[in-house]
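Residue numbers (the numbering used here), protein chains in the order written: chain A, 1 to 293; chain B, 294 to 750. Note that CB positions come from ideal geometry on N, CA and C, so glycine has one too. None of these values were measured; they are calculated from a predicted model. Below you'll find the structure, written out as structure tokens, and then a few comments.
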Amino acid sequence: MERRTIFPGTWFPILLVLPQLALTAVFFLWPAGQAIWSSTTRADPFGENSFFVGLENFSDLFGDPLYIDSITRTLVFCAAVAMLSMSVALLLAVCADREIRGRGWYRVMLIWPYAVAPAMAAVLWILLMHPQVGLVGAWLNHIGIAWDYKLNDDQAMGMVIVASAWKQVSYNFIFFLAGLQSIPKAVIEAARMDGAKGWLRFRTVVLPLLMPTVFFLIVVNLVYAAFDTFGTIQALTQGGPGKATETLVVKVYRDGVVNLDIGASSAESVVLMIGVIVLTAMQFRFLGKRGEK
Amino acid sequence: MQRRTLLTGAAALAAAPIAAPISAQAQAAKTKIVLWHALTGANGEEINRLAREFNASQGDYALEAVFKGSYPETLTATIAAWRAGQAPHLAQIYEVGTGSMLAAGKAVKQVWELAKETGLKIDPASYLPAVRGYYSLSDGRMASMPLNSSTGVMWYNKDAFEAAGLDPEKPPTTWAEFHAATVTLRDKWAKPTMAKSGGPDLVAATSSWFAWIQIEQFGAIHNLPFASKSNGFDGLDAELKFNSPAHAKQLQMLIDLSKEGAFKYGGRDAQPDPLFYSGQAAIGFGSSAGRGDIVRNAKFKWAASVIPYDPALTSTPNNTIIGGASLWTMTSPKRMPAEYKGVAAFLQFIGHPDQDMQFHEHTGYVPVTLAGFELAKKQGYYEQAPGADIAIKSLTRGTVTANSKGLRLGRLPEIRNIVYEEVEKALQGQQSAQAALDSAVTRGNKVLREFEKSVRT
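Okay, structure coming up:
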């Protein structure tokens with residue numbers, strides 16, 4: 001049963017979608033167009049001298065081993081954040097998807113971190129993990145574990161991964177919970193009747209039915225890890241120590257806003273934009289296929 | 294269509310007679326001058342005080358000081374505003390942004406230009422040479438107006454020195470003495486105190502502004518170039534030179550001390566400050582502008598001393614170089630001569646010895662004029678606040694050479710970040726000090742060449 005309303009004429013439908021089109025034009029097409037244009041120029045910070053350099057900014061980027069390192073680092077970071085936040089969220093969702101006392105309260109508490117601004121969340125993490133003044137950080141040093149994320153690449157990376165994943169757990173939790181609740185009770189009952197218990201039932205019945213949600217969340221989490229973690233990383237480590245936590249989006253900021261190298265920064269943004277387009281296309285294709293079934 | 298034209302025409306006609314009295318009224322009212330700055334806390338209060346007193350001192354201009362975030366944020370905001378034709382009249386730009394601002398062409402009006410246009414009287418000779426040099430062209434004309442200048446100093450904890458059996462009145466003056474002092478502090482103060490109290494981690498020494506103090510200042514003090522072409526003053530084609538064996542030896546010493554647990558790298562820029570303020574580090578290199586915070590926070594006896602030098606490299610250590618920021622006059626398409634006059638009046642106002650002295654005493658920045666310094670001396674400020682003149686002594690030591698005048702390099706903030714990155718790798722044992730500096734120089738030179746290409750037509 002499909003319901004479709006057809007608006008007559010040409011102008012009326014256009015009028016109806018106009019606000020959205022205007023928003024897209026102003027907040028996406030225009031800046032994106034500017035980014036593409038700037039990525040082909042070299043300009044001084046004030047933009048007084050600007051020359052067309054073609055694809056030179058891109059060839060400089062990909063000729064720079066540090067940029068390639070940054071790509072690899074971003075991939076590792078995104079994969080780790082997506083995996084960690086999704087597995088924790090799934091575990092919590094499975095636990096919350098039962099008849100337990102205080103279920104509502106439990107769920108609200110889990111969703112809460114999503115409302116915390118990234119910079120605030122980072123400050124909380126600093127208060128926890130700072131090697132001298134942090135609750136956990138100082139304690140680790142006290143018991144003899146040399147904890148210093150300001151001077152240890154792996155610890156710094158570990159910390160930004162955990163902090164970024166923590167922030168996303170709530171979001172994933174909501175979707176997993178909704179996904180779990182949309183699995184027909186009858187299917188679960190049937191599996192139970194057939195004697196499938198615990199892990200076996202989860203693996204063979206629940207998880208396959210949850211796969212659409214999982215795929216959707218993978219895309220969303222990758223995009224989140226690639227873009228929305230800027231605030232967290234910037235507040236925690238500013239990309240350091242060395243370049244240990246400098247992901248692509250941090251590099252865009254560093255080159256564009258701090259170093260005022262608009263050309264290079266725009267070229268990096270364009271590369272990122274292509275990444276997002278690919279991810280989004282994959283998501284559409286997947287969701288589209290599901291719709292056809 | 295026709296009707297619309299008629300209507301707009303009528304509106305324009307109707308507006309014309311009204312517009313005239315409005316602009317006349319505006320002229321009669323005060324001319325508004327906007328200043329963007331990056332100062333917070335006590336220092337931000339001080340800018341507001343300057344604005345208040347300037348406004349009270351005359352009837353023609355109303356200056357409004359607006360906080361715009363950190364130094365890099367203020368620079369970015371200023372550039373973005375200029376590109377949009379909305380630049381403030383004055384922008385406070387940190388010293389490492391000077392190279393970029395000098396290449397800003399018609400976006401800025403340099404002080405000498407402003408003086409010529411408005412009749413502002415500025416005598417460069419009345420400013421401290423180390424301060425003036427940083428913000429002047431090679432021929433001595435001033436490009437921007439010094440506002441807040443500090444320099445690197447060595448803060449030390451007298452109580453810790455005493456506990457370690459060191460003479461609290463004799464801070465280390467050479468790097469060899471510094472090395473010995475940190476080892477003693479580690480063994481006789483940090484370790485025993487930690488063992489007894491189980492309190493927070495204590496460390497002999499730390500350094501804020503690592504790139505500025507341990508590399509840039511180190512070069513100036515020992516008359517070693519940071520870059521060729523007089524540290525960039527003589528041309529955009531300067532190349533970085535801070536990977537000399539002397540630089541590497543100094544960095545290697547700090548890396549070794551760090552490995553031996555006598556030195557702690559506490560992060561970039563001002564991040565390590567709290568280590569000294571809280572008493573966790575016995576020696577803390579930092580900006581002289583930290584004085585206000587130390588007075589407020591330190592629960593121990595402390596003092597400041599000049600950054601040590603290496604007698605093997607020089608018998609006559611040079612002046613240290615400045616940090617801080619200066620005021621740049623920005624242009625804008627619709628700016629009136631009266632507005633530039635107001636800017637000039639404000640710049641004149643802050644250069645007044647009395648204002649300069651107050652700014653110095655309220656913030657911990659050095660007086661930028663010689664007269665301001667003399668006034669502070671005459672009023673006995675340094676007897677009341679011993680050690681407050683260490684920064685000035687440090688800045689005025691010896692004669693200013695091509696290597697101690699300051700740095701004039703485009704995209705210097707980026708180069709500093711590169712230095713931090715490479716040093717952090719070296720501190721983790723991933724590379725030697727020499728390799729770190731070599732790599733920083735190579736990467737930094739690439740940035741300089743990019744800058745050169747971008748500003749040359």
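With a CB to CB cut of under 6 angstroms and the five nearest residues on each side skipped, what residues in its chain are close to residue i?
{"i": "Asn-57 of chain A", "result": "Ser-39, Gly-263, Ala-264, Ala-267"}
{"i": "Val-424 of chain B", "result": "Pro-439, Ser-442, Ile-615, Val-661"}
{"i": "Ser-164 of chain A", "result": "Val-81, Thr-229, Thr-232"}
{"i": "Ala-344 of chain B", "result": "Leu-356, Ala-358"}
So residue i packs on residue j, CB below 8 angstroms; how close in whole Å?
{"i": "Leu-440 of chain B", "j": "Ala-684 of chain B", "result": "Going by Cβ atoms, the distance from Leu-440 of chain B to Ala-684 of chain B rounds to 15 angstroms, so no, they are not a contact pair."}
{"i": "His-330 of chain B", "j": "Thr-391 of chain B", "result": "Going by Cβ atoms, the distance from His-330 of chain B to Thr-391 of chain B rounds to 16 angstroms, so no, they are not a contact pair."}
{"i": "Asn-516 of chain B", "j": "Thr-607 of chain B", "result": "6 angstroms"}
{"i": "Leu-620 of chain B", "j": "Met-438 of chain B", "result": "4 angstroms"}
{"i": "Ala-373 of chain B", "j": "Pro-381 of chain B", "result": "About 11 angstroms; that fails the 8 angstroms criterion."}
{"i": "Lys-594 of chain B", "j": "Asp-452 of chain B", "result": "5 angstroms"}
{"i": "Asp-273 of chain B", "j": "Asn-152 of chain A", "result": "The displayed coordinates of chain B run from 294 to 750. Any statement about residue 273 of chain B would go beyond what the structure contains."}
{"i": "Val-53 of chain A", "j": "Thr-41 of chain A", "result": "6 angstroms"}
{"i": "Met-159 of chain A", "j": "Leu-236 of chain A", "result": "7 angstroms"}
{"i": "Phe-360 of chain B", "j": "Gly-337 of chain B", "result": "6 angstroms"}
{"i": "Lys-481 of chain B", "j": "Gly-458 of chain B", "result": "6 angstroms"}
{"i": "Leu-110 of chain A", "j": "Phe-176 of chain A", "result": "The Cβ separation is near 11 angstroms, so there is no contact."}
{"i": "Phe-744 of chain B", "j": "Arg-704 of chain B", "result": "5 angstroms"}
What does DSSP give as the partner residue(s) for residue i in the beta ladder?
{"i": "Thr-735 of chain B", "result": "Paired residues: none, contrary to the question."}
{"i": "Thr-444 of chain B", "result": "B:Ile-615"}
{"i": "Asn-524 of chain B", "result": "DSSP lists no partner for Asn-524 of chain B."}
{"i": "Gln-385 of chain B", "result": "B:Leu-620"}
{"i": "Phe-52 of chain A", "result": "A:Thr-41"}
{"i": "Ala-358 of chain B", "result": "B:Leu-328"}
{"i": "Tyr-420 of chain B", "result": "B:Thr-662"}
{"i": "Ser-429 of chain B", "result": "B:Met-435"}
{"i": "Phe-578 of chain B", "result": "B:Met-447, B:Ser-500"}
{"i": "Thr-467 of chain B", "result": "B:Tyr-602"}
{"i": "Phe-556 of chain B", "result": "B:Ala-498"}
{"i": "Lys-402 of chain B", "result": "B:Thr-622"}
{"i": "Gln-595 of chain B", "result": "In the sequence as presented, Gln is not what sits at residue 595 of chain B; that position holds Trp. In DSSP, Trp-595 of chain B forms a bridge with B:Asn-450."}
{"i": "Leu-533 of chain B", "result": "B:Ala-520"}
Considering only the beta carbon of each residue, do residue i and residue j sit closer than 9 angstroms?
{"i": "Ile-161 of chain A", "j": "Leu-84 of chain A", "result": "yes"}
{"i": "Ala-377 of chain B", "j": "Met-623 of chain B", "result": "no"}
{"i": "Glu-553 of chain B", "j": "Val-476 of chain B", "result": "yes"}
{"i": "Gly-242 of chain A", "j": "Gln-721 of chain B", "result": "yes"}
{"i": "Ile-508 of chain B", "j": "Phe-519 of chain B", "result": "yes"}
{"i": "Ser-523 of chain B", "j": "Lys-670 of chain B", "result": "no"}
{"i": "Ala-513 of chain B", "j": "Ile-576 of chain B", "result": "no"}
{"i": "Ile-326 of chain B", "j": "Val-636 of chain B", "result": "yes"}
{"i": "Ala-733 of chain B", "j": "Leu-550 of chain B", "result": "no"}
{"i": "Ala-384 of chain B", "j": "Thr-499 of chain B", "result": "no"}
{"i": "Val-219 of chain A", "j": "Met-282 of chain A", "result": "yes"}
{"i": "Leu-430 of chain B", "j": "Gln-403 of chain B", "result": "yes"}
With 16 as the cutoff for other CB atoms within 10 Å, does residue i come out buried or exposed?
{"i": "Ser-182 of chain A", "result": "exposed"}
{"i": "Ile-274 of chain A", "result": "exposed"}
{"i": "Leu-66 of chain A", "result": "exposed"}
{"i": "Gly-426 of chain B", "result": "buried"}
{"i": "Leu-300 of chain B", "result": "Confidence at Leu-300 of chain B is low in this model, with a pLDDT of 42, below 50, so the placement of that residue should be treated as unreliable; the coordinate-derived value is given next. The residue in question, Leu-300 of chain B, is exposed, as its Cβ has fewer than 16 Cβ neighbours within 10 Å."}
{"i": "Leu-328 of chain B", "result": "buried"}
{"i": "Glu-717 of chain B", "result": "buried"}
{"i": "Glu-246 of chain A", "result": "buried"}
{"i": "Pro-45 of chain A", "result": "buried"}
{"i": "Val-748 of chain B", "result": "buried"}
{"i": "Val-252 of chain A", "result": "buried"}
{"i": "Ser-316 of chain B", "result": "Model confidence at Ser-316 of chain B stands at a pLDDT of 45, short of 50, so the residue's coordinates are unreliable and nothing is read from them."}
For residue i, I'd like the list of residues in its chain whose CB is within less than 7 angstroms of its CB, leaving aside the five on either flank, ordered along the chain.
{"i": "Ala-504 of chain B", "result": "Arg-709, Val-712, Tyr-713"}
{"i": "Ala-418 of chain B", "result": "none"}
{"i": "Ala-726 of chain B", "result": "Ala-541, Leu-544, Gln-545, Ile-548, Ala-719"}
{"i": "Ala-32 of chain A", "result": "Met-273"}
{"i": "Ala-631 of chain B", "result": "Thr-324"}
{"i": "Leu-668 of chain B", "result": "Pro-646, Asp-647, Met-650"}
{"i": "Pro-19 of chain A", "result": "none"}
{"i": "Phe-666 of chain B", "result": "Pro-660, Ile-685"}
Please work out which residues of its chain come closer than 8 angstroms, Cβ to Cβ, to residue i, disregarding the five sequence neighbours upstream and downstream, and give them in chain order.
{"i": "Lys-746 of chain B", "result": "none"}
{"i": "Leu-371 of chain A", "result": "Given a span of 1 to 293 for chain A in the structure shown, any question on residue 371 of chain A remains unanswerable."}
If you measure from the beta carbon of residue i to each beta carbon in chain D, is any gap under 9 angstroms?
{"i": "Leu-260 of chain A", "result": "Looking at the structure shown, chain D is missing, and the protein chains on hand are A and B."}
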